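For any residue, its number in this note's numbering is found by taking its place in the sequence shown, counting from 1, and adding 38. We treat Cβ as the ideally placed atom computed from N, Cα and C, and that holds for glycine. Since the structure is predicted, the reported quantities are computational estimates derived from the model, not experimental observations. What follows is a single structure, written as structure tokens, with notes after it.
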Amino acid sequence: MYNELTPSGGQSTMPSVVNGVNGVAQSFDYPETTPDGPYQVLDQYHSKPRRLRVACVGAGASGLCLAYKMNKMLEPGSWELTLFDKNKHFGGTWLENTYPGVACDIPSHNYTFTWDPNPNWSHFFAYGPEIQQYFENFAKRHGSERYMKLNTKVVECRWDEEQGVWNITLEDQISKETWQDWAHVVVNGTGILNNWQWPDIEGIHDFAGPKMHSASWDHSVDLDGKTIGVIGNGSSSVQIVPQLQKIAKKLQVYIRSSTWISPPFGAGALTTVQKGKDVDPGQRQYEFTEEDRKKFREDPEFHLQFRKGIEAEINGLFGMYKQGSELSNTFRKVITDEMNRRMGPGHQELKDFIIPSWSPGCRRISPGDGYLEALVQDNVEPVLVGIERVTPNGILTKDGVEHKMDALVCATGFKVAFQPAFKVINAAGKSVQEDWEERGGVNLYLGVSAPRFPNFYTIVGPGATWSNGTLLPSIETTIEYSVKMMKKIQTEHIKAIEVQQEALDDIYAHFDEFHKETVWQEECRSWFKDGKIKNRIYLWPGSTIHFLKSIKEPRMEDYNIRWRYKNSEPACWRNQDCVLTRSAGFAFLGNGDVKATASRDVAGLSTYMRNSDHEWSVD
39 MYNELTPSGG QSTMPSVVNG VNGVAQSFDY PETTPDGPYQ VLDQYHSKPR RLRVACVGAG
99 ASGLCLAYKM NKMLEPGSWE LTLFDKNKHF GGTWLENTYP GVACDIPSHN YTFTWDPNPN
159 WSHFFAYGPE IQQYFENFAK RHGSERYMKL NTKVVECRWD EEQGVWNITL EDQISKETWQ
219 DWAHVVVNGT GILNNWQWPD IEGIHDFAGP KMHSASWDHS VDLDGKTIGV IGNGSSSVQI
279 VPQLQKIAKK LQVYIRSSTW ISPPFGAGAL TTVQKGKDVD PGQRQYEFTE EDRKKFREDP
339 EFHLQFRKGI EAEINGLFGM YKQGSELSNT FRKVITDEMN RRMGPGHQEL KDFIIPSWSP
399 GCRRISPGDG YLEALVQDNV EPVLVGIERV TPNGILTKDG VEHKMDALVC ATGFKVAFQP
459 AFKVINAAGK SVQEDWEERG GVNLYLGVSA PRFPNFYTIV GPGATWSNGT LLPSIETTIE
519 YSVKMMKKIQ TEHIKAIEVQ QEALDDIYAH FDEFHKETVW QEECRSWFKD GKIKNRIYLW
579 PGSTIHFLKS IKEPRMEDYN IRWRYKNSEP ACWRNQDCVL TRSAGFAFLG NGDVKATASR
639 DVAGLSTYMR NSDHEWSVD
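Structure follows, in structure tokens:
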């Protein structure tokens with residue numbers, strides 16, 4: 039059990055399985071949060087980091103990256119971290135989604151942490167189990183599991199302004215018991231696609247046969263030779279349908295709206311490994327040979343250039359999202375021709391229905407390997423009529439036809455709630471949901487920080503790069519941004535850092551003006567627009583690399599800071615009138631020493647002396 043006292047003075051009840059600072063269980067003596075009284079010089083060296091307690095919600099890619107970056111960027115022994123996850127194991131999306139054909143729609147060699155490449159991917163688009171294994175291997179190499187508290191759901195985070203901490207309510211997912219913990223900083227690493235839901239269709243729970251959701255696949259159900267209904271034609275459906283088509287007696291695919299199925303982004307790099315082979319020009323998948331993998335392993339520079347080629351191609355395609363641009367028009371023609379080619383001659387009703395009127399990119403594009411080909415097979419019936427209700431025997435469509443089936447699959451995605459799935463309550467007693475409703479919608483600066491919610495960071499939230507390119511670089515850089523804020527809190531004795539509403543209003547004004555000319559504002563329903571056809575577009579106004587440049591360093595002028603130390607007595611200087619000073623924002627200067635003095639590091643006492651004009655710093 040932790041030995042620290044909670045801010046209220048009670049003993050922390052966090053279970054003993056959770057480790058302490060840097061994974062080593064130990065007593066942590068936290069100083070007072072807001073000392074009063076006359077100003078005093080602290081007996082410490084310049085910028086000595088205060089002890090910091092961090093809680094992260096989620097142990098998927100974001101949580102793993104956070105643990106790694108805190109180890110790399112913060113002073114050893116000055117912090118502790120717990121990754122809370124509701125699941126019995128870590129992995130997030132790739133742990134939960136195990137449906138047939140589950141794969142990443144980003145090329146696998148670019149679906150890694152940028153500094154941690156994997157030369158051994160089996161396919162150009164990696165399948166779910168292999169991606170989960172990548173994160174398993176990463177966690178093992180870096181000892182990430184020592185920070186995790188699994189089977190634990192974060193129910194509520196409530197800000198205590200006096201103490202400058204978040205009080206956290208947790209629930210054990212097995213016993214359903216609740217307990218309290220706390221942290222100076224909370225990181226929301228759950229993503230926005232982690233809360234699946236049944237479709238809002240009348241009678242959805244009346245179906246008498248096996249029913250499953252794509253995000254909660256029941257592998258005990260035998261679907262071989264069965265008549266199966268699949269609701270949806272989004273990202274999960276386009277991967278499930280080709281797999282079920284191979285085993286089903288009959289497959290009914292209920293398609294509500296049109297969608298673009300594209301050639302693969304970044305596939306230009308495949309010419310490096312295909313070596314001029316005669317391949318399908320619309321190929322969406324490629325299986326790397328052992329020769330390919332050997333080359334990647336033995337020639338890291340070759341592998342790096344391969345990865346860079348994919349990333350450069352994807353970043354270079356950002357112009358397709360500008361409405362009416364030459365690239366957008368070209369892309370529309372290429373994808374339209376490719377979709378028609380893949381469906382083959384005939385099938386005109388399906389082609390007219392499934393090829394959108396809006397531009398490619400208005401909704402997220404999917405490579406959809408084998409999806410269109412599956413829709414035109416003899417054992418597949420695309421149902422283009424709306425659903426009236428689900429019956430015990432199947433689905434009744436709006437034309438009065440009851441389609442009978444043995445099993446029902448809902449590939450209808452997630453409840454995309456831009457607000458956290460847990461309660462987050464500020465000092466005024468308002469939740470994120472209430473606060474944002476008062477503002478008329480999402481209110482998140484750079485997809486990271488929310489006004490009136492200090493020391494709370496979201497990893498790639500609404501407003502970040504969910505359709506602009508590869509995702510993991512944005513996750514990494516957002517985490518680095520958050521850890522830089524943690525370091526500032528530590529070294530400058532800050533109680534709370536809170537983004538200004540004015541800064542967010544300014545950047546949203548830029549969002550709105552920029553997106554007037556993007557395809558995202560066209561009339562398609564998208565979760566980029568909070569599930570609406572017309573709404574503010576919560577996507578970064580630029581490419582992924584543009585986002586990374588923008589968020590590389592925090593703009594502290596956009597934040598308000600409240601310090602740990604304050605003076606309650608007047609301070610006088612010479613013959614000036616006495617005035618009540620502001621909070622002691624320079625307490626971190628300490629006793630006049632730097633770290634090198636305190637640690638007797640002689641070399642560290644002259645770092646600015648050099649033979650050439652290069653950067654220098656003082657620890």
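Exposed or buried, which one is residue i when buried takes at least 16 other CB atoms within 10 Å?
i, result
"Val-79", "exposed"
"Ala-286", "buried"
"Tyr-292", "buried"
"Met-647", "exposed"
"Trp-153", "exposed"
"Gly-263", "exposed"
"Lys-554", "exposed"
"His-441", "buried"
"Trp-654", "exposed"
"Thr-216", "exposed"
"Pro-592", "buried"
"Lys-178", "exposed"
"Lys-110", "exposed"
"Lys-346", "exposed"
"Glu-240", "exposed"
"His-222", "buried"
"Ile-212", "exposed"
"Asp-123", "buried"
Going straight from the alpha carbon of residue i to that of residue j, what length do you get?
i, j, result
"Trp-474", "Ala-534", "20 angstroms"
"Thr-44", "Asp-219", "Model confidence at Thr-44 stands at a pLDDT of 34, short of 50, so the residue's coordinates are unreliable; what they give is reported in the following sentence. Approximately 7 angstroms between the Cα atoms of the pair."
"Ser-363", "Trp-298", "18 angstroms"
"Glu-325", "Phe-303", "16 angstroms"
"Gly-314", "His-243", "The predicted model places Gly-314 with a pLDDT of 48, which falls under 50 and marks its position as unreliable, so this point remains unresolved."
"Phe-624", "Asp-596", "20 angstroms"
"Gly-499", "Lys-567", "13 angstroms"
"Gln-82", "Gly-628", "5 angstroms"
"Met-250", "Ile-393", "28 angstroms"
"Ser-397", "Asp-407", "20 angstroms"
"Ile-589", "Trp-234", "30 angstroms"
"Asn-205", "Gly-467", "13 angstroms"
"Gln-559", "Arg-335", "43 angstroms"
"Ile-266", "Ala-541", "51 angstroms"
"Asn-18", "Ser-146", "Residue 18 cannot be examined here, being either before or after the span of the chain that is shown, 39 to 657."
"Asn-649", "Asp-657", "20 angstroms"
"His-531", "Pro-489", "21 angstroms"
"Phe-456", "Tyr-165", "27 angstroms"
"Gly-354", "Lys-107", "28 angstroms"
"Thr-645", "Asp-639", "11 angstroms"
"Gly-202", "Thr-529", "16 angstroms"
"Thr-327", "Ser-160", "8 angstroms"
"Gly-227", "Leu-102", "10 angstroms"
"Ile-278", "Arg-427", "22 angstroms"
Out of the options, which has the shortest C-alpha to C-alpha gap to residue i?
i, options, result
"Thr-207", "Ala-93, Val-418, Cys-103 and Tyr-576", "Ala-93"
"His-4", "Ala-350, Glu-440 and Pro-579", "Coverage of the chain is limited to positions 39 through 657, which leaves residue 4 absent and any answer about it impossible."
"Phe-356", "Pro-167, Tyr-149 and Asn-506", "Asn-506"
"Pro-155", "Glu-339, Ile-393, Arg-91 and Gln-471", "Glu-339"
"Ala-105", "Asn-367, Val-225 and Val-203", "Val-225"
"Ser-100", "Ile-266, Leu-509 and Ser-637", "Leu-509"
"Asp-437", "Asp-444, Val-486 and Leu-422", "Leu-422"
"Arg-600", "Ser-469, Arg-294, Thr-503 and Lys-526", "Lys-526"
"Pro-430", "Pro-420, Leu-446 and Glu-540", "Leu-446"
"Ser-273", "Ala-253, Asp-337 and Glu-240", "Ala-253"
"Glu-349", "Ile-532, Ser-512 and Glu-113", "Ser-512"
"Ser-404", "Asp-238, Leu-308, Trp-236 and Gln-323", "Gln-323"
"Phe-245", "Leu-102, Gly-432, Gly-384 and Asp-198", "Gly-432"
"Ser-295", "Cys-400, Gln-281 and Gly-270", "Gly-270"
"Trp-117", "Cys-142, Asp-123, Arg-89 and Ile-144", "Arg-89"
"Ala-97", "Lys-333, Tyr-77 and Glu-183", "Glu-183"
Does any residue of chain B have a CB that is nearer than 8 angstroms to the CB of residue i?
i, result
"Phe-151", "Included in the structure is just one protein chain, with no chain B present."
Scan the region 442 to 520 and note each continuous alpha helix (DSSP H) run of 4 residues or more that stays entirely inside, going in chain order.
Within the region 442 to 520, the runs of alpha helix (DSSP H) that reach at least 4 residues and sit entirely inside it are, in chain order, 470 to 477.
Would you call the region 403 to 413 and the region 374 to 389 touching, i.e. three or more CB-CB distances under 8 angstroms?
A contact exists between the region 403 to 413 and the region 374 to 389.
Could you check whether the region 119 to 133 touches the region 173 to 181, counting it as contact only if at least three pairs of C-beta atoms, one from each stretch, sit closer than 8 angstroms?
Taking 8 angstroms as the limit for Cβ pairs, the verdict is that the region 173 to 181 does touch the region 119 to 133.
Should the region 448 to 465 be called in touch with the region 192 to 201, which here means at least 3 C-beta pairs below 8 angstroms?
The region 448 to 465, when compared against the region 192 to 201, does touch it at the 8 angstroms Cβ threshold.
Runs of 4 residues minimum, wholly inside the region 356 to 426: which ones carry the alpha helix (DSSP H) assignment?
364 to 381, 386 to 392 and 409 to 413, all fully within the region 356 to 426.
Residue ranges of each beta strand (DSSP E) run of no fewer than 3 residues wholly in the region 108 to 144, ordered along the chain?
Here the runs fully enclosed are 117 to 122.
If you scan the region 146 to 228 from start to end, which runs of the alpha helix (DSSP H) of 4 or more residues do you find wholly inside it?
Counting whole runs of 4 or more residues, the region 146 to 228 contains the alpha helix (DSSP H) stretches 166 to 180.
Answer yes if the region 559 to 576 comes into contact with the region 475 to 487, meaning at least three C-beta pairs across the two stretches below 8 angstroms, and no otherwise.
Flag = yes, the region 475 to 487 and the region 559 to 576 touch.
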